[in-house]
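Asks: Quick one: the structure is below, and I'll ask about it shortly.
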Amino acid sequence: MSKVALGLYTYAEFAACAAAFLPVMGVAWHTHRDDPAQRVPGQWMRRFGRTTARLSSMWKFTVEGTPPADIATRPYVVVANHESQADPFLLSFLPWDMRWVAKEELFELPVLGRMMKYGGDIPLRRGARESVVEMMAECRRTLDHGVSVMMFPEGTRSKDANLLPFKPGAFSLAIEAKVPVLPVALAGTHACRPKGSKWFGKASAIARVLEPLSTEGLGPEDAAALADRARSRIAEALPDLRNRTTVRG
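The opening residue of the sequence shown carries number 256 in this note's numbering; numbering runs sequentially from there.
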């Protein structure tokens with residue numbers, strides 16, 4: 256099957272899954288709208304990600320590493336490198352609930368945007384200080400309600416899958432909220448859909464859960480150093496992961 260045909264199939268499969276999950280999430284949101292953390296619709300959003308990835312003949316996703324024993328009862332700020340628009344689908348396989356910070360434009364999409372709102376994900380208008388303040392406040396509320404928050408500290412997808420510098424925002428949040436940081440290394444998703452490409456590719460990808468980083472005893476001045484520690488931990492994991500991911504023909 257040609258690249259275009261595979262790409263069209265993937266878009267059609269994505270649209271079919273979204274059409275099936277949107278009404279379910281709408282019912283879940285209305286039924287549980289008194290829950291500020293939106294746990295039930297959020298869980299349906301992650302099911303949507305897993306289902307879409309499993310139905311795709313183009314992707315093979317694997318998760319490895321041991322999550323913290325208390326992650327079901329204690330919130331974390333989860334951080335990962337950002338290779339591709341396929342990253343959220345891979346991250347949906349992580350076995351705990353969390354809310355994503357995502358660029359505001361995604362929330363304006365007709366179907367996906369509504370699903371993200373139902374799921375309690377958090378919008379950010381990049382470059383707008385007021386939006387950053389609102390995003391950080393919403394992240395703090397989410398953590399205070401016992402739900403982890405997922406952020407991509409590079410701030411954008413890498414064009415070549417190489418790590419970009421980590422911005423300190425996620426780490427300032429973790430320090431302020433007094434919660435640990437959980438780094439996750441992603442490899443292989445760049446081939447699923449490189450930045451700038453309209454088409455999805457065939458690839459295998461791995462998410463590895465790494466050792467958490469404590470914020471105990473840290474202050475605002477330590478955010479940059481904590482960001483560097485998380486980045487170094489992810490960078491150390493990537494060579495082995497990339498040696499085990501393949502572009503599938």
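Beta carbons are placed, not taken as given, at the ideal position from N, Cα and C, and that holds for glycine.
Computed from a predicted structure; not experimentally measured.
Does the stretch 320-327 come close enough to the stretch 268-280 that 3 or more CB-CB pairs lie under 8 Å?
Replies: In short, these stretches do not touch, since the Cβ pair count stays below three.
Asks: The ligand ATP and D352: does any heavy atom of the ligand fall closer than 7 Å to the residue's C-beta?
Replies: No copy of the ligand ATP occurs in the structure displayed, which carries no ligand at all.
Asks: Where in the stretch 317-369 do unbroken runs of the alpha helix (DSSP H), each at least 4 residues long, occur, reported from the N-terminal end onward?
Replies: Entirely contained in the stretch 317-369, the alpha helix (DSSP H) runs reaching 4 residues are, in chain order, 342-346 and 359-362.
Asks: R463 lies in the beta strand (DSSP E); which residues open and close that run?
Replies: If you number the sequence shown from 1, residue 463 lands on position 208. Note, R463: beta strand (DSSP E), A458 to V464.
Asks: Measure the alpha-carbon distance for V334 versus E466 and round it to whole angstroms.
Replies: As a first step, residue 334 is located in the sequence shown; it is residue number 79 there, counting from the start. As a first step, residue 466 is located in the sequence shown; it is residue number 211 there, counting from the start. For V334 and E466, the distance between alpha carbons rounds to 12 Å.
Asks: What whole-angstrom Cβ distance do S413 and E338 have, given they're in contact under 8 Å?
Replies: The residue given as residue 413 occupies position 158 in the sequence shown. The residue given as residue 338 occupies position 83 in the sequence shown. About 6 Å; that satisfies the 8 Å criterion.
Asks: Report the rounded CA-to-CA distance for K372 versus V332, giving the unit in angstroms.
Replies: What you label residue 372 is simply residue 117 of the sequence shown in a count that begins at 1. What you label residue 332 is simply residue 77 of the sequence shown in a count that begins at 1. Roughly 20 Å between the two C-alpha positions.
Asks: So within the stretch 366-392, which uninterrupted beta strand (DSSP E) runs reach at least 3 residues, ignoring any that extend past its ends?
Replies: The qualifying runs are 377-379.
Asks: Should P343 go down as buried or exposed, given a rule of 16 or more other Cβ atoms within 10 Å for buried?
Replies: Translated into positions along the sequence shown, residue 343 becomes position 88. That one is buried.
Asks: Determine the burial state of K457: buried for a count of at least 16 other Cβ atoms within 10 Å of its Cβ, exposed for fewer.
Replies: Position 202 of the sequence shown holds residue 457. Classification of K457: buried, given that the 10 Å Cβ count is 16 or more.
Asks: Would you check if there are 3 or more beta carbon pairs closer than 8 Å linking the stretch 388-395 to the stretch 302-317?
Replies: Not touching, per the Cβ criterion.
Asks: Who are the near neighbours of G504 in its chain, counting only those whose CB is closer than 6 Å to its CB and skipping five residues on each side?
Replies: Taking the first residue of the sequence shown as 1, we reach residue 504 at position 249. Any reading at G504 needs caution, since the residue's pLDDT is 48, under 50, leaving its predicted position unreliable; the model's value is listed next. Taken in chain order, the list of residues that qualify is empty.
Asks: So G320 and V464 are in contact, right, with Cβ under 8 Å, and what is the actual spacing, rounded?
Replies: What you label residue 320 is simply residue 65 of the sequence shown in a count that begins at 1. What you label residue 464 is simply residue 209 of the sequence shown in a count that begins at 1. Yes, they are in contact, since the Cβ atoms of G320 and V464 sit about 3 Å apart, within 8 Å.
Asks: Measuring CA to CA, which of P494, L468, R497 and A446 is closest to A341?
Replies: Position 86 of the sequence shown holds residue 341. The candidate whose alpha carbon is nearest that of A341 is A446.
Asks: Using CA coordinates, which residue listed in V282, N336 and T265 is at the minimum distance from L310?
Replies: Residue numbering aside, residue 310 sits at position 55 when the sequence shown is read from its first letter. The shortest C-alpha separation from L310 is found at T265.
Asks: Does DSSP classify V434 as helix, strand or coil?
Replies: Along the sequence shown, one-based indexing puts residue 434 at 179. Correct three-state label for V434: coil.
Asks: Between P494 and the rest of its own chain, which residues show a CB-CB distance below 7 Å, the 5 nearest in sequence each way excluded?
Replies: In the sequence shown, counting from the first residue as 1, residue 494 sits at position 239. Closer than 7 Å at the Cβ level, and outside the excluded window around P494, lies no residue.
Asks: If you follow the beta strand (DSSP E) that M405 is in, where does it begin and where does it stop?
Replies: Looking up residue 405 in the sequence shown gives position 150. Per DSSP, M405 belongs to the beta strand (DSSP E) from S403 to M406.
Asks: Could you give the DSSP three-state label for A416: helix, strand or coil?
Replies: Here residue 416 is taken as the residue at index 161 of the sequence shown, counted from 1. Coil, per DSSP.
Asks: What is the C-beta distance between A440 and I489, in whole angstroms, given that I count them as a contact (C-beta under 8 Å)?
Replies: Start at 1 with the first residue of the sequence shown, and residue 440 comes out as number 185. Start at 1 with the first residue of the sequence shown, and residue 489 comes out as number 234. Rounded, the Cβ-Cβ distance is 5 Å, consistent with contact.
Asks: Rounded to whole angstroms, what is the Cα-Cα separation between A482 and L437?
Replies: Here the question's residue 482 lines up with position 227 in the sequence shown. Here the question's residue 437 lines up with position 182 in the sequence shown. If you take the alpha carbons of A482 and L437, they lie about 11 Å apart.
Asks: In terms of DSSP beta bridges, what is L468 paired with?
Replies: Reading the sequence shown from its first residue, position 213 is the one you call residue 468. Bridge partners of L468: V436.
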